[in-house]
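Following: one structure in structure tokens, then a few remarks.
4 protein chains.
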Amino acid sequence: MQTLIAKIDAFVAERNWDRYHAPKNLAMALSVEVAEIVEIFQWMNEDQSRMPDKTTRAHLHDEIGDVLIYLTMLARKLDIDPLEAAHAKLEKNRIKYPAVNASAKFPHGRF
Amino acid sequence: MQTLIAKIDAFVAERNWDRYHAPKNLAMALSVEVAEIVEIFQWMNEDQSRMPDKTTRAHLHDEIGDVLIYLTMLARKLDIDPLEAAHAKLEKNRIKYPAVNASAKFPHGRF
Amino acid sequence: MQTLIAKIDAFVAERNWDRYHAPKNLAMALSVEVAEIVEIFQWMNEDQSRMPDKTTRAHLHDEIGDVLIYLTMLARKLDIDPLEAAHAKLEKNRIKYPAVNASAKFPHGRF
Amino acid sequence: MQTLIAKIDAFVAERNWDRYHAPKNLAMALSVEVAEIVEIFQWMNEDQSRMPDKTTRAHLHDEIGDVLIYLTMLARKLDIDPLEAAHAKLEKNRIKYPAVNASAKFPHGRF
Chain A
0 MQTLIAKIDA FVAERNWDRY HAPKNLAMAL SVEVAEIVEI FQWMNEDQSR MPDKTTRAHL
60 HDEIGDVLIY LTMLARKLDI DPLEAAHAKL EKNRIKYPAV NASAKFPHGR F
Chain B
0 MQTLIAKIDA FVAERNWDRY HAPKNLAMAL SVEVAEIVEI FQWMNEDQSR MPDKTTRAHL
60 HDEIGDVLIY LTMLARKLDI DPLEAAHAKL EKNRIKYPAV NASAKFPHGR F
Chain C
0 MQTLIAKIDA FVAERNWDRY HAPKNLAMAL SVEVAEIVEI FQWMNEDQSR MPDKTTRAHL
60 HDEIGDVLIY LTMLARKLDI DPLEAAHAKL EKNRIKYPAV NASAKFPHGR F
Chain D
0 MQTLIAKIDA FVAERNWDRY HAPKNLAMAL SVEVAEIVEI FQWMNEDQSR MPDKTTRAHL
60 HDEIGDVLIY LTMLARKLDI DPLEAAHAKL EKNRIKYPAV NASAKFPHGR F
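Chains as they are written, first to last, in numbering that gives the first Met the number 0: chain A, 0 to 110; chain B, 0 to 110; chain C, 0 to 110; chain D, 0 to 110.
In structure tokens:
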């Protein structure tokens with residue numbers, strides 16, 4: 000992750016793109032990249048989405064990459080470490096949705 | 000990232016949530032979390048978004064965490080490493096948008 | 000639709016909200032409202048989504064209302080009539096995806 | 000709106016696309032179309048977004064059309080009239096955010 004952050008910082012600086020990178024704009028760009036993933040799955044059913052073919056998987060690989068790039072750009076601008084934020088939020092979610100060791104069947108909560 | 004992946008796998012298994020985690024559904028959940036970030040910025044202008052107050056920054060910290068959690072869940076289901084995908088896509092973007100060493104001022108490209 | 004437009008114009012004017020209503024911001028707000036619809040369906044399968052219960056349907060009624068409100072606000076700011084735009088685009092889609100009278104079974108196109 | 004609904008019903012029937020049109024899928028498609036609007040504005044600032052050039056405005060005209068088409072498809076599947084839903088929600092919003100006749104300057108509420 001640290002390497003990715005360093006490469007992204009260099010990438011943006013080399014192209015003089017920081018002026019576009021207000022967090023507001025990066026949030027928009029991030030949502031657009033995520034929509035590209037949603038689009039891949041929109042007419043598939045859930046079972047089909049569990050077994051994408053080779054071309055689809057390659058497309059998803061690209062788009063997941065773009066989403067993480069933009070998420071990292073956004074987090075950087077806000078001086079947030081995305082991995083640290085994820086670990087912290089997972090702990091909050093763990094407390095909010097305690098696992099029950101008996102075979103618990105409860106609906107997926109809302110983080 | 001490997002630790003996050005392991006923790007997420009355990010979190011999902013403990014709650015018997017895997018059955019909800021078709022990639023189609025995870026893509027939807029990811030888009031909903033990103034929308035929570037967009038919502039924070041929607042009425043701010045760009046300058047305001049560069050300087051969020053303490054409460055806003057804490058809210059963003061949570062949401063960035065949730066976005067990375069869902070992105071990681073989705074990538075795992077597709078046997079994709081999100082960090083590796085980001086590095087690979089950054090290289091593709093580097094080639095698609097070459098940096099020009101003279102003070103290049105060109106519009107932000109579309110990844 | 001004309002009545003809705005008039006009511007929305009009055010609603011915004013009465014609250015002095017026009018200053019927030021740059022199309023950029025309205026596009027963000029629209030995406031956030033649509034995410035609220037996505038959220039309702041994210042853990043359902045397709046069959047469940049075809050038969051929402053009474054509470055869910057009422058929730059969807061609200062959110063569909065909000066989406067049309069924001070879409071209309073955005074279109075107004077750009078001097079676009081959303082109904083006219085929809086009719087025009089449906090014609091373009093009709094040409095792009097010709098219906099074949101024999102029992103055509105082809106995948107859903109991308110508009 | 001009634002004409003649009005009738006045309007959309009015919010369009011879908013002619014192409015045998017109803018089988019893809021579970022509300023879950025239509026919600027995803029709707030979010031993807033909205034993202035196409037977000038993408039148009041993502042690197043612009045607010046003032047630029049208030050004055051799109053001719054090409055941009057034509058692009059927005061198409062995308063606003065697509066958003067209303069998908070919103071109408073989704074509403075139809077749920078037996079909801081989008082115009083009626085918008086009118087009803089505007090009344091709820093009116094009560095939730097009362098206008099104050101003195102020159103009220105208050106932040107844009109969250110619908």
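Even glycine gets a Cβ: it sits at the ideal position worked out from N, Cα and C. On a predicted model such as this, the values are computed, not experimentally measured, just so you know.
Check                                                                                                                     : Outcome
Distance, D:P51 Cα to D:M43 Cα                                                                                            : 10 Å
Range covered by the alpha helix (DSSP H) that runs through D:F10                                                         : Q1 to R14
When A:D65, A:E13 and A:A74 are compared against B:H58, the one with the closest alpha-carbon                             : A:A74
Residues, ordered as in the chain, of the region 37-48 of chain B that lie near chain D by beta-carbon distance below 7 Å : W42, N44 and E45
Sub-7 Å separation of B:V31 and A:V33 beta-carbons                                                                        : no
C-alpha gap between D:A87 and C:H60, whole angstroms                                                                      : 9 Å
Pairwise C-alpha distance: C:D17 and C:V11                                                                                : 6 Å
Nearest-angstrom beta carbon gap, C:V66 and C:I36 [assumed within contact, 8 Å]                                           : 7 Å
Residues of the region 55-76 of chain A whose Cβ lies closer than 9 Å to any Cβ of chain B, in chain order                : R56, L59, H60, D61, E62, I63, G64, D65, V66, L67, I68, Y69, L70, T71, L73, A74 and K76
Cβ distance (whole Å) where C:E45 is taken to contact D:A21 below 8 Å                                                     : 4 Å
Coil, strand or helix - A:Y19 by DSSP                                                                                     : helix
Proximity below 7 Å, CB of A:H41 to CB of D:A28                                                                           : For clarity, residue 41 of chain A is Gln in the given sequence; the question names His instead. Yes; because the gap between Cβ atoms is below 7 Å, this pair is in contact.
Which of helix, strand or coil DSSP assigns to D:H107                                                                     : coil
Length of the line joining the Cα atoms of C:L77 and A:R109                                                               : 36 Å
Under the three-state DSSP convention, the category B:L77 falls into                                                      : coil
Length of the line joining the Cα atoms of B:T2 and B:E83                                                                 : 15 Å
Runs of alpha helix (DSSP H) lying entirely within the region 42-87 of chain B, each at least 4 residues, in chain order  : 45-49 and 53-76
Residues of the region 0-34 of chain D with Cβ closer than 7 Å to any Cβ of chain A, in chain order                       : Y19, N24, M27, A28, S30, V31 and A34
Residue of D:T71, D:I4, D:M0 and D:E13 minimising C-alpha distance to C:I94                                               : D:E13
A:I68 and B:I63 closer than 7 Å at C-beta                                                                                 : no
Proximal residues, the region 85-99 of chain C versus chain D, C-beta separation under 8 Å                                : A85, H86, A87, K88, L89, K91, N92, R93, Y96 and A98
Beta-carbon proximity list for B:E0, same chain, < 6 Å, skipping 5 on both sides                                          : For clarity, residue 0 of chain B is Met in the given sequence; the question names Glu instead. For B:M0, where only same-chain residues beyond five positions count, the Cβ hits under 6 Å are L82.
Helix, strand or coil at A:V99 according to DSSP, with G and I counted as helix                                           : coil
Length of the line joining the Cα atoms of C:S102 and D:D8                                                                : Residue confidence is low: C:S102 scores 46 on pLDDT, short of 50, so the model does not pin down where it sits. Its coordinate-derived value is still stated next. Taking the straight line joining both Cα atoms gives about 17 Å.
Nearest-angstrom Cβ-Cβ length linking C:K6 and D:L89, presumed shorter than 8 Å                                           : 6 Å
Rounded straight-line distance, which links the Cα of B:R56 to that of A:L70                                              : 15 Å
Per-residue contacts from C:P106 into chain A (C-beta, under 8 Å)                                                         : W42
Within 7 Å, strictly: CB atoms of B:Y96 and A:H107                                                                        : no
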